[in-house]
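Student: Please see the structure below; I have some questions.
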């Protein structure tokens, strides 16, 4: 699938617990070597250490790899243009790059119009410091407002087997050709159906939950977080699982 202008595999890596250690720098490099092409971080993750770790591991970012980050999280006032500009500067430094491939508005600020936040991000896009723009935890009306200001290439909302309040957003993104990035893709918990299908496919329950997401929509790109190279490779294995229609429907309930 394409994220903006970059072809990537449909399972990425979330890094919200990534701290700046030698082991974690090695983990990021190993993840890319194993085939991960989408690495997701944010300005706030581990106080900036997540971005710093990725920057040390991947500067310059290899061709065919997307490092996505976010700014504007924390409630009222965090989406103000001056706040976003400062966070973009810090993300550029942490990631050791001149251009962020994908930058999300992490949350819509209740006190700042969505359009003002995105206009500030577009300024940096026009300057070549951001290549593509996304938004997070939004509904269809907010996405449509955003698209009047910028080209939205990705939407990142919480979504998994158990949490499906954004079903209509997934369908909208599929119709419009926007990548849908579900965060917390494995927070659904196990069930008898998941366990049975996992046994049938000689897979793990986590792989089955990821396979369900991949089956749900062709624009789906899960970003399960892990600090384990073994688990990361296990997650990539979900790409090989083809659920039957009855299996998908039994999981969908």
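Residue numbers (this note's numbering): 15 to 267. Ideal Cβ positions, reconstructed from N, Cα and C, are used throughout, including at glycine.
Taking the Cβ atom as the reference point for each residue, do residue 32 and residue 83 lie within a distance shorter than 8 Å?
Tutor: No, the Cβ-Cβ distance between residue 32 and residue 83 is not below 8 Å.
Student: Using a Cβ-Cβ cut-off of 8 Å (strictly less than) and excluding sequence neighbours within five positions of residue 91, which residues of its own chain qualify?
Tutor: Excluding positions up to five away in sequence, the list reads 97, 123, 125, 126.
Student: Is the segment 204-221 touching the segment 181-196, taking contact as three or more C-beta pairs under 8 Å?
Tutor: Short answer: they don't touch.
Student: In the DSSP assignment, find the unbroken alpha helix (DSSP H) run with residue 214 in it and report its ends.
Tutor: Counting along the chain, the alpha helix (DSSP H) containing residue 214 begins and ends at 206-214.
Student: For residue 196, which residues does DSSP report across the bridge?
Tutor: Residue 196 pairs with 171.
Student: Measure the C-alpha to C-alpha separation of residue 219 and residue 137 and round it to an integer number of angstroms.
Tutor: Going by the C-alpha atoms only, they are around 44 Å apart.
Student: If you draw a straight line from the alpha carbon of residue 30 to that of residue 76, how long is it in whole angstroms?
Tutor: In a straight line, the C-alpha of residue 30 is about 21 Å away from that of residue 76.
Student: Quick check: residue 27 and residue 50, are their CB atoms within less than 8 Å of each other?
Tutor: Result yes, Cβ atoms of residue 27 and residue 50 sit closer than 8 Å.
Student: Going by alpha carbons, who is nearest to residue 263 out of 121, 223, 110?
Tutor: Residue 223 is the option with its Cα nearest to residue 263.
Student: Reducing DSSP to helix, strand and coil, say where residue 275 ends up.
Tutor: Because the chain is modelled from 15 through 267, residue 275 falls outside the range shown and cannot be assessed.
Student: Of the choices 166, 156, 176, 221, whose alpha-carbon is the least far from that of residue 191?
Tutor: The residue with the shortest Cα to Cα distance from residue 191 is 166.
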